[in-house]
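Engineer: Just passing along the structure, written as structure tokens.
Residue numbers (our numbering): 509 to 642.
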């Protein structure tokens, strides 16, 4: 990448900073076990205990009050981040028979890239599949 983007210093080369895993649980207001199941799944997937995310403000349309638990998040850095990226899609630790409901998992990858082209190239070199528009 140094030659490709003509960096003069090796510290300019983009690198991964962190990976944030987030599960949003609107159903946790009506289903008390949903939060426990989600935190257990995140703990199993990441190897870290997740932080419970709470509503910042009340939204009457969603029946959410300020301070309600509405999700769980984990920030991975260092070795745990790279181990997670190695097995990003299929999680062998999860017992799929014990899952009561499939929930969405949001994965955010933060890099030190200065623009989108650098970030795309970095993630391509890590083996992320991208579809090129023609």
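Glycine included, C-beta positions come from ideal geometry on N, C-alpha and C.
Residues in its own chain within less than 8 Å of residue 570 by CB, not counting five upstream and five downstream?
Structural biologist: Here the question's residue 570 lines up with position 62 in the chain shown. 534.
Engineer: Would you mind stating whether residue 619 and residue 525 have Cβ atoms separated by less than 8 Å?
Structural biologist: Along the chain shown, one-based indexing puts residue 619 at 111. Along the chain shown, one-based indexing puts residue 525 at 17. Against a cut-off of 8 Å, the Cβ pair of residue 525 and residue 619 comes out as a contact.
Engineer: Just curious, the beta strand (DSSP E) that residue 575 is in, first and last residue?
Structural biologist: As a first step, residue 575 is located in the chain shown; it is residue number 67 there, counting from the start. Taken as a continuous stretch (DSSP letters only), residue 575 belongs to no beta strand (DSSP E), as it is neither H nor E.
Engineer: Find the nearest neighbour of residue 574 within the set 580, 566, 581, judged by alpha-carbon distance.
Structural biologist: As a first step, residue 574 is located in the chain shown; it is residue number 66 there, counting from the start. Minimum Cα distance to residue 574 is reached at 566.
Engineer: State whether the region 549 to 556 contacts the region 512 to 525, with contact taken as three or more CB pairs (one from each stretch) at a distance under 8 Å.
Structural biologist: no
Engineer: Rank 635, 640, 626, 638 by C-alpha distance to the C-alpha of residue 509 and give the top, closest one.
Structural biologist: Walking along the chain shown from the start, residue 509 turns up at place 1. Selected option, being the one with the closest Cα: 626.
Engineer: Could you tell me which of 540, 637, 596 sits nearest to residue 529, measuring between CA atoms?
Structural biologist: By 1-based counting over the chain shown, the position of residue 529 is 21. The residue with the shortest Cα to Cα distance from residue 529 is 596.
Engineer: What are the boundary residues of the beta strand (DSSP E) that includes residue 540?
Structural biologist: For this step, residue 540 is matched to residue 32 along the chain shown. Element bounds for residue 540: not the beta strand (DSSP E) but the alpha helix (DSSP H), 540 to 554.
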